[in-house]
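A.B. asks: Numbering (our numbering), first residue to last: 501 to 584. All C-beta atoms, glycine included, are put in the ideal place defined by N, C-alpha and C. One structure coming up, written as structure tokens, with questions to follow.
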Amino acid sequence: MSANSIHRLDPQNWKFEGSSLVVWINDIEFFEILPKLYQLADDQVQEGYDLTINHTGHVQSVKLGWYFNVTQAQAAARRHIGDQ
Numbered sequence: 501m502s503a504n505s506i507h508r509l510d511p512q513n514w515k516f517e518g519s520s521l522v523v524w525i526n527d528i529e530f531f532e533i534l535p536k537l538y539q540l541a542d543d544q545v546q547e548g549y550d551l552t553i554n555h556t557g558h559v560q561s562v563k564l565g566w567y568f569n570v571t572q573a574q575a576a577a578r579r580h581i582g583d584q
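Structure representation (structure tokens):
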């Protein structure tokens, strides 16, 4: 990935799209952070966030992980492209 795409992952460049946070990596790929509730083994519910990478050309979405907060998910997106 180029340095330009890494700068675009700065926190201020993530934009709300409905209930999701989205940042474009390039013209055809973007990261998305979605709020998600998970059922735990003891019938409790844990709120968290799914991080996906999406490719519009292939119409493909890949879940990269689940995180306790948005900041963790944003850091994981930066690590995914080699910035951290």
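When you compare the CB positions of THR552 and VAL545, do they come within less than 8 Å of one another, or not?
C.D. replies: no
A.B. asks: For VAL585, which of helix, strand or coil comes out of DSSP?
C.D. replies: A query on residue 585 cannot be resolved here, the shown segment of the chain reaching from 501 to 584 and no further.
A.B. asks: In whole angstroms, give me the CA-to-CA distance for TYR538 and ASN554.
C.D. replies: When only Cα atoms are considered, TYR538 and ASN554 end up about 22 Å apart.
A.B. asks: Work out the CA separation of ILE533 and TRP514 for me, nearest whole Å.
C.D. replies: Whole-angstrom Cα-Cα distance: 9 Å.
A.B. asks: Could you check which residue in PHE531, GLY518, ALA577 has the C-alpha nearest to that of GLN560?
C.D. replies: PHE531
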